[in-house]
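Data first, discussion second: the structure below is written as structure tokens.
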Amino acid sequence: MSNKGVLPMDSYRLAQYSVQVPCFICEGGNSFDAEFCRHCQAPMALAHQANLRKIAPQLVATIGSADAGKTVYLGMLTDMLSRGNDDLQLLARGAFSVSLQQMTMSALSNCEFPDKTPNEPERWNWIHCQVRSSRKRNPTELILPDLSGEAILEEVDHPHTYPVIRAFLSKCRGVLILIDAVRLMDGEKDQDFFTMKMLSYLGELDDDPKTGWPTRPISLIFTKADRCETCFDDAAEFARKHSPGLWQHCQQRFKRSHFFASGVAGACAFQMELGGTRHVPLRVEPRGIVEPFRWLVEQIGQ
Amino acid sequence: MKNILRRCGAWSMGTLSLGTLSLGTLLLGTITMVVAVWSSVLTGRWWMVPLAMLAVGLFPLTRWIDRRRTKPPSATETPVAQRPERPRAQVTTAPAPALPPVYDPNDPAYLAQRLLEQHRYALLLRPQIAANLKKEQLQAAVRLLDDAMGIVPEGDVLLQSWRNQGVPDDSNGPRERLVHVEAYYLDRYPVTNRQYQQFVDDGGYENMSLWDSTIWPAVLDFVDRTGHGGPRFWVEGRYREGLDDHPVVGVSWYEGAAYARWAGKRLPSDPEWVKAGCWPVLTQGTRPMQRRYPWGDTLDRELAHLWGSGAPNTVSVYEMQGGVSVGGIYHLIGNVWEWTTSNFGVWDTTARRLETATPMKSIRGGAFDTYFDTQATCQFQSGDSPISRKHNIGFRCALAMCDVVSLEVDQLVESDQMLVSCGASAEEGRL
């Protein structure tokens, strides 16, 4: 059994297929209707959005170890800035840019943390947004992905495992590095080592003294600082005391680095589940979320 | 030789100009004078002679000042515990109040007057104490009580599970529980910096009888930025200037409980606090109708100070008067979380209970930085460690009805007879 039908010859479609659309992240060629880049799995919507605008968006990475709080930080940041209560305002470009905010807010309002970001690049959330500041005349176009912590660690340890991370970090204008302050205060050195590995990796990507990472802005954020309040008093001092290696590394090799402290949950409890324990935020009271981002945007604009 | 003499002359002048307070002996003064005169003779500076004599004359004066300064404390003064000195922050603090009048501790009339001035009227209104007061003092105490506290009537209140409010019962168990609450008084406003300053000035942090014995080792650690006993964000035992009517923050649960004890009150329990805000009304059956917020069922950020309402810090408790509850209690929602006596999660009836690293006390009401509307309702419960001293947690006090003498104001004016409302054994007065 077969149905007979007439298919029109869509010559314009054939023409579109013949022209390659470059991925905005890795610049690899893709067909015009591809959802993800076939080279790096970044969403092609970024390229389509960028083609529609006159201003090329700038890339800002948010990196850190698994469970450092990247998803919560980005979701909280986008929601706070989109409410318009700050001198900095964020407007999403494209429906895909709202997904992370929606997922994070829906979880936090229910007193839960959002699910862990999967390792597959095609399942990551990307934000393309316009950032307006009352201090600056022209708005800034930014692209902020929510990268998986495990994928970043894998790429750092085994370069080229995740081409999207490598391509993205090479083109980044600035980076937000998230460090779990509680683990650091508890004496766990993995946060210290991971951040230093990350910084070394960035240095390897581009160590040009004028245009490379030594002069690009790096915002180091101690997350979960609500559970170690001294961090809020002086984040740089906290870094010097609890992570002397990292502090020294930044002082010596990265001219434009700054330490910040942030927290989202006022207090946490945990629930026993089959897979282990699950942390539960007892209330949401964001602190120090906007400041690192504002600093970074100002530094990028200089 | 000339140089040495010149130096001696300069030294004597230095002694004069500095007015050294520690070297106040006549012998040293005489030697100084002789050296100064000798050097002035040799160098031809005659004008130094009267100055040197003046310097000698200053020694007895400075000695006398020293004595006045280092006068030992009298035997009646309580020694203050030594606290470590910390770096001082450059902030302006509220000016120190004028010295209070001196009272005779053995005179009950003066003692009552002092308690009234400190707004510790709850102590005076205890049945066993009120009987010994003068009529005017009793009237004054009753007026203070009426002004500062509202009545929450007796009745049942529904306490819902700490999250997923409004969700019907499921397999994990019922999500709400009916609890009976006796009538009580609740502070109309959270305790302010100005009120807490009286507690600090009255030696609240040194009077160990006000504190739970379990927390005695930690009391010495309840210090401000400069190492003085007081809330965490204060400087040199004083709050920052201009924050008189802001709720006190940076106080642990134990500090709140100690203040309440000093004032003759206590912290409210969870059901009491929820009842004051929800104001349950029993219409039919046994399930009362309750409000989501003290003013109704819809959140209005102009009625409560939450994230996005304005200033990213506490505001005066006398602002946002529109958010008052039916019973005349202000700022139940927003501005600062409030400590209660209950443990966190104790009213949670669901099977999926939460574990915490340390035992937590329940806090209610949301604060200036509470982000979600759903977490600023009368029913929402959060928790924190009882020794944590956060920037957004304060407290207000409660008073059981049976701890207050029952008075009819008209009767009070006409006669001295007082009716004791109940014979409940109240705590021994701390007078």
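So the protein lines, in turn, are chains B and P.
Following the numbering used here, the numbering of the first sequence begins with 12 at its first residue and continues without gaps.
Following the numbering used here, the numbering of the second sequence begins with 23 at its first residue and continues without gaps.
Idealized CB from N, CA, C, for every residue including glycine.
- With a threshold of 9 Å between beta carbons, residue 273/B makes no contact with chain P.
- Chain-order list of chain B residues neighbouring residue 277/P: empty, with the shortest C-beta distance near 16 Å, by a criterion of under 8 Å.
- Per DSSP, the unbroken beta strand (DSSP E) holding residue 282/B starts and ends at 279-284.
- Our two residues, residue 199/P and residue 302/B, have alpha carbons roughly 43 Å apart in a direct line.
- Around residue 377/P, the beta-carbon contacts reaching into chain B at under 9 Å are 280, 281, 282, 283 and 288.
- Contact check for residue 384/P against residue 414/P fails: the beta carbons are separated by 9 Å or more.
- Ranked by Cα distance from residue 235/B, the first of 70/B, 177/B, 71/B and 81/B is 81/B.
- In the same chain as residue 410/P, and ignoring 5 residues on each side of it, the C-beta atoms closer than 7 Å to its own belong to 274, in chain order.
- The criterion of a C-beta distance shorter than 9 Å is not satisfied by residue 164/P and residue 296/P.
- Nearest Cα to residue 134/B within the set 45/B, 150/B, 117/B and 158/B: 158/B.
- For residue 412/P, the closest C-alpha among the options 420/P, 278/P, 236/P and 266/P is that of 278/P.
- Membership of residue 144/B in the beta strand (DSSP E) is indicated by the continuous run 136-144.
- Counting of Cβ neighbours within 10 angstroms places residue 65/B among the exposed residues, the total staying below 16.
- When secondary structure is reduced to three states using DSSP, residue 152/B falls in the strand class.
- Beta-bridge analysis with DSSP links residue 365/P to 383/P.
- In its chain, beyond the 5 residues on either side, 154 have a beta carbon closer than 8 Å to the beta carbon of residue 130/P.
- DSSP places residue 301/B in the helix class (H, G or I) of the three-state scheme.
- Contacts with chain B at 9 Å (Cβ-Cβ) include residue 391/P.
- Under the 10 Å beta carbon count, residue 237/P is surrounded by 16 or more other beta carbons and is classified as buried.
- Going by beta carbons, residue 217/P and residue 327/P fall outside the 9 Å limit.
- In this structure residue 237/B is buried. Its beta-carbon is surrounded by 16 or more other beta-carbon atoms within 10 angstroms.
- The C-alpha of residue 201/P is placed about 11 Å away from the C-alpha of residue 291/P.
- Residue-level contact by beta carbon fails for residue 342/P and chain B, as no gap is shorter than 9 Å.
- Within the region 317-347 of chain P, the residues whose Cβ lies closer than 7 Å to some Cβ of chain B are 330, listed in chain order.
- Listed in chain order, the non-local C-beta contacts of residue 83/B below 7 Å within the same chain comprise 115, 124, 125 and 275, local neighbours out to five positions each way being set aside.
- Counting only runs of 4 or more residues that sit fully inside the region 154-181 of chain B, the alpha helix (DSSP H) segments are 160-168, in chain order.
- Interface flag for residue 297/B against chain P is set, since a Cβ pair is found closer than 9 Å.
- Within its own chain, the residues whose Cβ lies closer than 7 Å to the Cβ of residue 295/B, once the five positions on either side in sequence are excluded, are 119, 275 and 276, listed in chain order.
- Bridge partners of residue 47/B according to DSSP: 54/B.
- Assignment of alpha helix (DSSP H) within the region 146-170 of chain P, counting only whole runs of 4 or more residues, yields 149-152 and 157-170 in chain order.
- Residue pairing of residue 206/P in beta bridges, as defined by DSSP: 174/P and 422/P.
- Taking the Cα of residue 345/P as reference, the smallest distance to any Cα among 145/P, 210/P, 309/P and 265/P is reached at 210/P.
- For the region 398-421 of chain P, residues whose beta-carbon sits nearer than 7 Å to a beta-carbon of chain B comprise 404, 405, 406 and 414.
- In this structure, 232/P is the residue among 313/P, 305/P, 232/P and 261/P with its C-alpha nearest to the C-alpha of residue 276/P.
- If you ignore the 5 residues before and after residue 230/P, its C-beta comes within less than 8 Å of the C-beta of 238 and 241, all in its own chain and listed in chain order.
- The beta-carbon separation of residue 257/B and residue 206/B, rounded to 5 Å, stays under the 8 Å limit for a contact.
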